[in-house]
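J.:
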Amino acid sequence: MSKRIRLTTAQALVKFLNQQFISIDGIETPFVEGIFHIYGHGNVLGLGEALENNPGHLKSYQGKNEQGMAHAAIAFSKQHLRQKIFGVSASAGPGSANMLTAAGTAFANNIPVLFLPADTFATRQPDPVLQQLEHEHSTDITTNEAFKAVSKYWDRIDRPEQLMSALLRAFEVLTNPATTGPVTICLPQDIEAMAYDYPTSFFNKRVHYVDRKLPTQRELDGAISSITQSKRPVLLVGGGAKYSQARDELVELSEKANIPIVETHAGKSTVAFTHNNNLGGNGILGTSAANKAVMNADLIIGIGTRYSDFTTSSKTLFDFDNTTFFNINVNRGQAYKFDGFQVVADAKATLQLINKHIGDYQSSYAEEMNALRLEWEKERNRLAGIEFNRDNFTPEISEHFSQEILNAYADALKTELTQTAALIKINDIVDDDAIVVSSAGSLPGDMQRLWNANVTNTFHLEYGYSCMGYEIAGALGAKLANPDKESYAVVGDGSFLMLHSEIVTALQYDKKINLLLFNNSGFGCINNLQMDHGNGSTGTEFRNLHNEIMNIDYSKIGEGYGLKTYSVNNLEDLTTAMEDAKKQSISTLIEIKVLPKTMTDGYDGSWWNVGVAEVSERESVQRAYAKTQQVRDNARQY
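Residue 1 is where the sequence shown starts when you use full-length UniProt numbering, and the numbers rise one by one after that.
(1) Would you mind giving the Cβ-Cβ distance between ALA453 and ALA246, rounded to the nearest angstrom? I have them listed as a contact below 8 Å.
(2) Examine the Cβ distances between the segment 180–188 and the segment 111–128 and report whether three or more of them are shorter than 8 Å.
(3) Helix, strand or coil: which one does DSSP assign to TYR307?
(4) Could you give the distance in angstroms between the alpha-carbon of ALA166 and the alpha-carbon of PRO160?
(5) Considering Cα atoms alone, identify which of VAL615, ILE592, ASN109, SER620 is closest to LYS425.
(6) For the segment 13–21 against the segment 186–205, are there 3 or more C-beta pairs whose distance is under 8 Å?
(7) Could you have a look at GLU66 and say whether DSSP puts it in helix, strand or coil?
(8) Measuring alpha carbon to alpha carbon, tell me which residue in GLU399, SER363, PRO444 is nearest LEU235.
(9) Label residue 699 either buried or exposed according to how many other C-beta atoms from any shown protein chain fall within 10 Å of its C-beta, with 16 as the threshold for buried.
(10) Using a Cβ-Cβ cut-off of 6 Å (strictly less than) and excluding sequence neighbours within five positions of VAL44, which residues of its own chain qualify?
(11) Whole angstroms are fine: how far does the CA of MET69 sit from the CA of ASP190?
(12) Excluding sequence positions up to five away, which residues of its chain have a Cβ less than 7 Å from the Cβ of LEU163?
(13) Considering only the alpha carbon of each residue, which of THR316, GLY304, GLY267 lies closest to ASN291?
(14) Can you check whether the CB of ILE590 is closer than 8 Å to the CB of VAL568?
(15) Just the Cα atoms here: how many angstroms apart are THR270 and HIS546?
(16) Just how far apart, CA to CA, sit SER96 and PHE31?
(17) Any idea if GLN20 is buried or exposed, counting beta-carbon neighbours within 10 angstroms, 16 or more meaning buried?
(18) Measure the Cβ-Cβ separation of VAL612 and HIS533 and say whether it is below 8 Å.
(19) Just to confirm the assignment, what range does the beta strand (DSSP E) spanning residue 660 have?
(20) Spatial neighbours of ARG306 within its chain, please: CB distance less than 6 Å, with the 5 preceding and 5 following residues excluded, ordered by chain position.
(21) Could you spell out the range, first to last residue, of the alpha helix (DSSP H) harbouring ILE261?
(22) Contact defined as beta carbons within less than 8 Å: I believe ILE24 pairs with GLN67. What is the distance between those atoms, to the nearest angstrom?
(23) Just list the residues that DSSP pairs LEU235 with in beta bridges.
(24) Going by DSSP in three states, GLU33 sits in which element: helix, strand or coil?
(25) Between which residues of its own chain and LYS564 is the CB-CB distance below 6 Å, once the five residues before and five after are set aside?
(26) By DSSP, does VAL251 sit in helix, in strand, or in coil?
(27) Helix, strand or coil: how does DSSP classify ASP190 here?
(28) Compute the distance between the beta-carbons of ASP446 and THR420, then report whether it is under 8 Å.
(29) To the nearest angstrom, report how far apart ASN65 and ALA257 are at their CA atoms.
(30) Considering only residues of the same chain and omitting the five flanking positions on each side of ALA489, which have a CB-CB separation below 6 Å?
(31) Mapping the DSSP letters down to three states, classify PRO199 as helix, strand or coil.
(32) Between ALA75, GLY602, ILE35, ILE549, which lies nearest to GLY464 when the distance is taken from Cα to Cα?
(33) Who are the near neighbours of THR143 in its chain, counting only those whose CB is closer than 7 Å to its CB and skipping five residues on each side?
(34) Can you grab the Cα-Cα spacing for the pair SER555 / PHE518, in whole Å?
(35) With contact counted as at least three CB pairs below 8 Å, one residue from each stretch, are the segment 404–424 and the segment 323–332 in contact?
(36) Can you tell me whether LYS593 is helix, strand or coil according to DSSP?
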């Protein structure tokens, strides 16, 4: 008869989480760092009791917004290269539903997070309870059914003993590089508090071994053949390469065979930009150097990428008639994309073998990569030096935005500072090992093109879901992952208004983050999208009922929270604020007032397939549709 211990379901959950370890390359570490929670109806008396009385090594953080704390958990795991996770717990009904957006963010980015939404009574005795939905066709449906669409594994614990099989399945998914992502375990509040005699063996130390899957001999032979038969290969580095920690192997192959490196949003900073063969971000938000290399390549070596539309410019960036693909990915479905030769294996392990057997192969690029880098450096310097001219200023974005409107913004915001000049100046000032976090709006485009990441794993862009509101919570998560480094949220005013609640959490737990808030009084990215496709500016600028541009003082908002704040509208004051913020021990906010339409525009290969109206009274929209349709007809369909 096996030994047993009587615990509530919630207590058993906490005890189990304490015993989960992960082993990668022989290094064994605890896998679960802790729990973010907002206690309420459904979790405070069950999980709350368990965490209060016997948390073990689990750290406990009180969130301020369910979506925000879950975003912090995502950023923590992302920054830890998916080798550590947080759980997130919220109350039944609206509290748990508020985590759905974050679950979608984790799903799109393949980031492991353990979602623990509270649920209504499994016994149904007091139905309908507070915050419960009633469906006439089924009493088995709760708010948490919505998590099924945004979970890699989903389960509901209707009896205490079900916890055991559910958690074993959950942690297989969480620790499997090919399937990892958000896992949801729904916890009815009565079951959380219900006791059961659990076998003590269930709480033994459990090590999840992440062994590097090696390519087969067939795969290795095909990979080497693909490279050696090409003349102009390109290494397309995705997030999978970063999570595999394949930096050294990428550099070795690139240097040995003279192959250029280009980066997806998730892959950026796998290899530092200081490396001579790194041409920067590619795709819709790519540099001219990276896109030119990709457009003229005869082989794309896709490493840990899922080929999103931003990476492929909606499947128009590549010369599909003359370019072949081979893809290294632990996920077989991703390896199949673009009919590429599939290597279903770990990126680091595969590149090690390729380097061993590639011989003396050399690409035909010669000095071309250096010329492309110099060309881009010249363009970046031009963007850094753009100054506003009230009499004749041509916006980088949108020919439809008049000088008169730009002057009105300059007067309302009291600034003549351009976004590109401000961002490049910030890049020059921050410590090389500082972590920068961004997510949505026009800033990710400028970050992907302009930000030179000089240290590995310091560029943290959530662009799988492009979730507004991720940035500040993400900076907190990155700080928890790297407490000795400065953490910066690069955030627009639109995203700031969406979600900034975890400022309070950062202050509460003395975790210094720095908010770089770009204020152009509107949703600038979407304003660009509508105006560049023939529409007027509507619903995207921040104007009041009198059509006056709103000038919100975000520095005062930060000051009210307790941040050290600054408000700047020129490069000199920005430099002073950045240097002073480094000296602070508390979190900071620098409000940077910038002019709209002063972000970067697209370069060659930057087309994006969007839904332009097929029928419209506006001639400008008709022209935009005709232009879009012409490109769309020539785009690859699969």
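Every residue, glycine too, gets a C-beta built ideally from N, C-alpha and C.
T.: Taking the structure as given:
(1) Not confirmed; about 16 Å, so no contact.
(2) yes
(3) coil
(4) 11 Å
(5) ILE592
(6) yes
(7) helix
(8) SER363
(9) It is not possible to answer for residue 699, since the shown part of the chain is limited to 1 through 638.
(10) none
(11) 25 Å
(12) THR9, ALA12, LEU13, ILE157
(13) THR316
(14) yes
(15) 49 Å
(16) 23 Å
(17) buried
(18) yes
(19) What the structure shows of the chain is the stretch from 1 to 638, and residue 660 is not part of that stretch, so it cannot be assessed.
(20) GLN334
(21) Looking at the DSSP string, ILE261 is not in any alpha helix (DSSP H); the run it does join, the beta strand (DSSP E), is 261–263.
(22) At roughly 30 Å, the Cβ-Cβ gap does not stay under 8 Å, so ILE24 and GLN67 are not in contact.
(23) ILE261, ILE301
(24) strand
(25) GLN584, ILE586, THR588
(26) helix
(27) helix
(28) yes
(29) 49 Å
(30) VAL437, GLU471, ILE472, ALA475, LEU515
(31) strand
(32) ALA75
(33) GLY93, SER96, ALA97, LEU133
(34) 11 Å
(35) no
(36) strand
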